[in-house]
Amino acid sequence: MLASGPVIVMQVPEQLNSEEVRNFLQEMGPLLEANRPRIVFDCSQVRSIDGAGVEMLLDCLEEALKRDGDLKLAALSPEAEVMLELTRVARVFETFSSSDEAVRSFNAIPADALAQDAPWYTPAFGNLGALKQAS
Amino acid sequence: MGKSIFGFFDLKNRGSLGVVGAIVVGESGESKDAFAASAALPQPSSQRVFARVELLGRSVLDRTVDSLKAAGLPSVSLITPDLITQDLITHEGRAHKRDGKVRSHDACDVWPDVTQETATMREQGVEALLIAVAGPYVEFHPGDMFQFQREQGVPIVRACDDSGDLPIWVVALQQLPDGVEVKSYLEAANPAAFPAGGYVNRLETAAEVRRLVCDSLTGQCRLRPAGFEVKPGIWIAPGAQVERSARVVAPAFLGSGATVADQCLITRGTNLEANSQVDYGTVVEDSSVLSNTYVGIGLDLSHSVVDGIELMNTRYGIKFNVSDPAILRRIQENRSRFGATRSSIGNVEVGAVPVSSQRTMRR
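The listed protein sequences correspond, in order, to chains A and B. The first sequence begins at 1 in my numbering and counts up by one. The second sequence begins at 1 in my numbering and counts up by one.
Here it is in structure tokens:
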């Protein structure tokens, strides 16, 4: 398990079947019970996912959302991507090409946190009024 | 005369060709891998020989044998290893066997049988022999190839296209050394190249399978789906069942005994081969579901070829097994499909009636 600040990055096992899901959930359980869990599943090693694996991903997402957190998927292997598309689950998750990118996405400033009256552009020459007064 | 798949040519009108024959070799994957070491013979990219898999109702191998027979070749042998005889010989293949023109040799290594069969044909007076190894789908004129060999006066001619050699040869049997193994003779020979000229699909990858299916459904090649065109671009074989609320968008092919459950969508050049099942609410787009394959409930299958539990995705170029039987699985072959004469789309029955008199699907 890799920890990167408050965002937890978990390596998803190669075979995401019912047996592996059980072990994986044992690790995941305490993390999901935290307040506002922010989790990234690194799926680069995944070679196969069955129904239990898909269900586990959805359960984890549900638990994270319930606690005002989120679960994001990163570095999906082609096999994982095909399986998630096949089972119509891909569209439910935010996905990123790398774990770093997924971690950064948690720390990005949300759009609604920006002041609504601030200009949408950055003035290239600073305050034009002050410039005119000085001249 | 137009180009055709190994034929639909009339050898009877080509008296100058002499006595000709053909051997179609349906190799197993193992035999083809043994070939991979040779530079002279084709190197398959995978174990699978798609030519023996039913595509649009019949295998390419089956179609090849049939068209050689239809072309009027007096002697055609089909030599297949035991491993593939069962899945190759469909109802069409059984018909080939019944009429006695096509002989199936059950053996793991087919080449000793090819050598033996070649010797037999030579004794029977066959002068030129066409040897085609199962693999690519090629549209060319065999009569032209025999004629080319005769005009060139060379002992061996090999078909080729822009991408390289094809596993089709014409051998002058009178110039074949006594007791030589045909396989080593083909490998060692330096044949004259005969440009096939027509449509060629090497059928080595899942993407090429998809291309052949789409090209056939859109009329880009001469391979015709084995079924009835119930409306433009939608081909349905006898015994296929489409539930009332399912939707089939052209071009598409539904093989005999294929079933499509309620709320499904079959679209963008999809072919569902014989006895395949697509379960409730699943979308199948730009994909091939091969014979006896079950596709589970509520899935989105796209850009893929599925065969039992094996999934080959053309977008990513990957192949893997899906271990969950609720998603994909192999189902038992339904033998009764061979006797089926009618299909149904919703409550509309279609079958052995002229296309013009069929009722069209109403949604």
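For each residue, glycine too, the CB sits at the ideal point set by N, CA and C. As the structure is a prediction and not an experimental result, all values here were calculated from the model.
Check                                                                                                                                                               : Outcome
If I measure Cβ to Cβ from Q175 of chain B and keep anything under 6 angstroms in the same chain, skipping five residues before and after, which residues do I get? : P155
Nearest-angstrom Cα distance between E62 of chain A and E33 of chain A?                                                                                             : 12 angstroms
Quick check on DSSP: helix, strand or coil for F228 of chain B?                                                                                                     : strand
In or out: S288 of chain B buried (at least 16 other Cβ within 10 Å) or exposed?                                                                                    : buried
Can you check whether the CB of G233 of chain B is closer than 9 angstroms to the CB of E127 of chain B?                                                            : no
Cβ of S276 of chain B less than 9 angstroms from any chain A Cβ?                                                                                                    : no
Hey, would you say Y280 of chain B sits closer than 9 angstroms to A261 of chain B, going by beta carbons?                                                          : yes
E85 of chain A touches chain B at which residues, Cβ-Cβ below 8 angstroms?                                                                                          : D300 and S302
Find the residues of chain A that neighbour D178 of chain B, judging by a C-beta separation of less than 9 angstroms, and give them in chain order.                 : Result: empty, since nearest Cβ-Cβ is about 53 angstroms, beyond 9 angstroms.
For L41 of chain B and G72 of chain B, what's the separation of their Cα atoms in angstroms?                                                                        : Low local confidence applies: a pLDDT of 40 at L41 of chain B is under 50, so the model's placement there is unreliable, with the coordinate-based value given in what follows. Each residue's Cα considered, the two are about 28 angstroms apart.
Residues of chain A with CB under 8 angstroms from N313 of chain B, in chain order?                                                                                 : P78 and V82
Using a Cβ cut-off of 9 angstroms (strictly closer), state whether Y316 of chain B contacts chain A.                                                                : yes
From this set, A:V21, A:M28 and A:V54, which residue's C-alpha is nearest A80 of chain A's C-alpha?                                                                 : A:V54
Using a Cβ-Cβ distance under 9 angstroms, would I156 of chain B count as near chain A?                                                                              : no
Of the residues that make up the segment 196-215 of chain B, which ones have a beta carbon closer than 8 angstroms to any beta carbon in chain A?                   : none
Ignoring anything shorter than 3 residues or poking outside the segment 268-302 of chain B, list the beta strand (DSSP E) runs there in chain order.                : 270-272, 283-285, 293-295 and 300-302
Which residue's Cα is closest to the Cα of L57 of chain A: A:V7, A:V103, A:P13 and A:N107?                                                                          : A:P13
Hey, E204 of chain B and F50 of chain B: beta-carbon distance below 9 angstroms or not?                                                                             : yes
Look up K319 of chain B in the DSSP assignment and give the residues it is bridged to.                                                                              : B:M312
Determine, using beta carbons only, whether I331 of chain B comes closer than 9 angstroms to chain A.                                                               : no
I'd like to know whether the C-beta of R47 of chain A is nearer than 9 angstroms to at least one C-beta of chain B.                                                 : yes
L50 of chain A versus chain B: which residues are under 7 angstroms apart at the beta carbon?                                                                       : Sequence inspection shows Asp at residue 50 of chain A; the Leu mentioned does not correspond to that position. Going along chain B in sequence order, the residues near D50 of chain A (Cβ under 7 angstroms) are S323 and D324.
N35 of chain A touches chain B at which residues, Cβ-Cβ below 8 angstroms?                                                                                          : Result: empty, since nearest Cβ-Cβ is about 34 angstroms, beyond 8 angstroms.
In the structure shown, what three-state DSSP assignment does Y185 of chain B receive?                                                                              : helix
Would you tell me roughly how many angstroms separate the C-alpha atoms of L301 of chain B and I345 of chain B, rounded to the nearest one?                         : 21 angstroms
For the beta strand (DSSP E) that contains F96 of chain A, what are its first and last residues?                                                                    : E94 to F96
Does D162 of chain B pass the burial test, meaning 16 or more other C-beta atoms within 10 Å, or should it be called exposed?                                       : exposed
I'd like to check one pair, G296 of chain B with T218 of chain B: are the Cβ atoms closer than 9 angstroms?                                                         : no
Run through DSSP, which three-state label would G143 of chain B get?                                                                                                : helix
Quick check: does the Cβ of L86 of chain A come within less than 8 angstroms of any heavy atom belonging to the ligand NAP?                                         : No copy of the ligand NAP occurs in the structure displayed, which carries no ligand at all.
On a Cα-Cα basis, can you pick out the residue from B:P195, B:G198, B:L173 and B:A196 that is closest to S186 of chain B?                                           : Reading off the sequence shown, one finds Leu at residue 186 of chain B, where the question assumed Ser. The residue with the shortest Cα to Cα distance from L186 of chain B is B:L173.
How many whole angstroms separate the CB atoms of L166 of chain B and V200 of chain B, which I take to be in contact at a CB cut-off of 8 angstroms?                : 7 angstroms
Could you compute how far the alpha carbon of R253 of chain B sits from the alpha carbon of P238 of chain B?                                                        : The displayed chain sequence assigns Phe, not Arg, to residue 253 of chain B. If I take the Cα positions, the gap works out to 12 angstroms.
Which residues in chain B have a C-beta closer than 8 angstroms to the C-beta of R88 of chain A? List them in chain order.                                          : G298, L299 and D300
Using the Cα positions of S99 of chain A and N107 of chain A, report the straight-line distance between them to the nearest angstrom.                               : 13 angstroms
Could you give the first and the last residue of the continuous alpha helix (DSSP H) run that contains R22 of chain A?                                              : S18 to L32
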